[in-house]
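Undergrad:
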Amino acid sequence: MLDRLTIADSRYLNAQTSDAYVQSYCKPRGLEPKTLKLETKDGRAIAHWIGDPDAEAVILYCHGGGYTQPANKGNFRYLPRLVKDMNSDRSKPSMSVLMLAYTLVPEAVYPAQLREAAVVIAHLIHDTSRSPSKIFVAGDSAGGNLVFSLLSHILHPHPDVFALKLEHPLGGAFLISPWVGFRTDYPSFSSNATLDLLVPLALRKWSAMFLSKANASDPESDPGTISGDAWTEACLNHSSWWNGMHTVVSDMFVWYGGYEVFVDSIRELESNFKAGWTDGGGDLSRVIFLESAEEAHTAPIVDTVIPGAKKGDAQVLIEDWFKGRLQQ
18 MLDRLTIADS RYLNAQTSDA YVQSYCKPRG LEPKTLKLET KDGRAIAHWI
68 GDPDAEAVIL YCHGGGYTQP ANKGNFRYLP RLVKDMNSDR SKPSMSVLML
118 AYTLVPEAVY PAQLREAAVV IAHLIHDTSR SPSKIFVAGD SAGGNLVFSL
168 LSHILHPHPD VFALKLEHPL GGAFLISPWV GFRTDYPSFS SNATLDLLVP
218 LALRKWSAMF LSKANASDPE SDPGTISGDA WTEACLNHSS WWNGMHTVVS
268 DMFVWYGGYE VFVDSIRELE SNFKAGWTDG GGDLSRVIFL ESAEEAHTAP
318 IVDTVIPGAK KGDAQVLIED WFKGRLQQ
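This is how it looks when you write it as structure tokens:
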């Protein structure tokens, strides 16, 4: 189905992230929307609070959807439960989520989404007086791509985005099934083709639109092989790119499923990322790449929309990781 879904179809079928926030999160709970709208000299951004805006720790969350699709019901079920369960232990710092409603493709293209994420991080640091150690970044799929892009930007400023300077590393980053490369010829695209929802054609179209490389006369056509850059294709970076990343973020947790079409690209990233992290002086024990066998794309989130499904092992592991970071 995804290979036939056009942008027009998507806009018709799905509420935009800001509308979904109201419809899927606020209204069912009788809550007033808490929306952050920023307009600064460096750019604009919109983000939505899930939880208390005054919480001690905050997760900037970037949703998935190939940069072309809004946040989905799974996001608005998974994240509120995460916030609720994380705040059940009052001996630990309070925590909330701030979901970035980044501008979708094709209404805006790279690096617009990176700029919007940077605007929110700058606000959290400079306008809320939070220490970077109490700020976490997280995302699924394309949102994971954006998180890696943001971390890379802090270490290696993108020439078209204002630089971010941190006095201390961010508290941590967790990524679920991150989209770390745009190639669709990895063996896992064939071996896991019947096990995962993602299809190569849709991924090629979305990446081309994101990078302004789509066919101008027919943007929905197959663009063929697409290449990005160091900020958009994390798996292609030499290990040296990641030297010093421990000064940007104190801990990394990357979850992915063994049934994903992305599995080969994430494994490729793992090797180079860990080498660069340690070569640059980072402690390897603070980097976790966890592959869950027989799990598909964004399973911890997808599982929340299955009626009667219990909290899965991956969801518990992510919560335990967060609890450990909040105690530091």
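Per the numbering used here, the sequence shown starts with residue 18, numbered consecutively. Glycine included, each C-beta is placed from N, C-alpha and C at the ideal position.
(1) Quick one: give me the first and last residue of the beta strand (DSSP E) that K54 is part of.
(2) Could you name the residues of the same chain whose beta carbon sits closer than 6 Å to that of L53, not counting the 5 residues immediately before and after it, in chain order?
(3) State whether the stretch 91-106 contacts the stretch 130-148, with contact taken as three or more CB pairs (one from each stretch) at a distance under 8 Å.
(4) Using 8 Å as the Cβ pair cut-off and three pairs as the minimum, do the stretch 201-209 and the stretch 177-190 touch?
(5) By a C-beta neighbour count over all protein chains shown, 10 Å radius and 16 as the cutoff for buried, is S323 buried or exposed?
(6) Please report the straight-line C-alpha distance between G274 and P195, rounded to a whole angstrom.
(7) Sort out for me which residues DSSP pairs E308 with in a bridge.
(8) Three or more C-beta pairs under 8 Å: does that hold for the stretch 280-300 against the stretch 262-269?
(9) Near C252, what residues of its chain come up, given a Cβ to Cβ distance below 8 Å and the 5 sequence neighbours on each side ignored?
(10) Could you spell out the range, first to last residue, of the beta strand (DSSP E) harbouring W294?
(11) Could you check the C-alpha separation between I193 and G156 for me, to the nearest Å?
(12) Helix, strand or coil for A88, going by three-state DSSP, please let me know.
(13) Does the distance from the CB of E277 to the CB of A331 come in under 8 Å?
(14) Between which two residues does the alpha helix (DSSP H) holding A313 run?
(15) Is it true that the CB of T321 sits closer than 8 Å to the CB of R46?
(16) Nearest CA to the CA of L141: which residue from Y78, N260, Q345, D36?
(17) Taking only three categories from DSSP, how would you classify Y42?
(18) If you drop the 5 nearest sequence neighbours on each side, which residues of the same chain put their C-beta closer than 8 Å to that of S229?
(19) I'd like to check one pair, S27 with T85: are the Cβ atoms closer than 8 Å?
(20) Roughly how many angstroms separate the alpha carbons of G68 and L215, rounded to a whole number?
(21) Using the Cβ count rule (16 or more neighbours within 10 Å means buried), how would you classify P70?
TA: Let's see:
(1) Element bounds for K54: 52-57.
(2) Same-chain partners within the cutoff: A64.
(3) no
(4) no
(5) Here residue 323 turns out to be Ile, not Ser, going by the sequence shown. Exposed, because fewer than 16 other Cβ atoms sit within 10 Å of the Cβ of I323.
(6) 11 Å
(7) In DSSP, E308 forms a bridge with Y273.
(8) yes
(9) V197, G198, S282, I283, E285, L286, N289
(10) Counting along the chain, W294 falls outside any beta strand (DSSP E), though it belongs to the alpha helix (DSSP H) covering 280-296.
(11) 6 Å
(12) coil
(13) The answer is no: Cβ separation not under 8 Å.
(14) A313 -> no alpha helix (DSSP H), and no H or E assigned at all.
(15) It is not a contact, given that the beta carbons lie outside the stated cut-off.
(16) Y78
(17) helix
(18) V126, Y127
(19) yes
(20) 31 Å
(21) exposed
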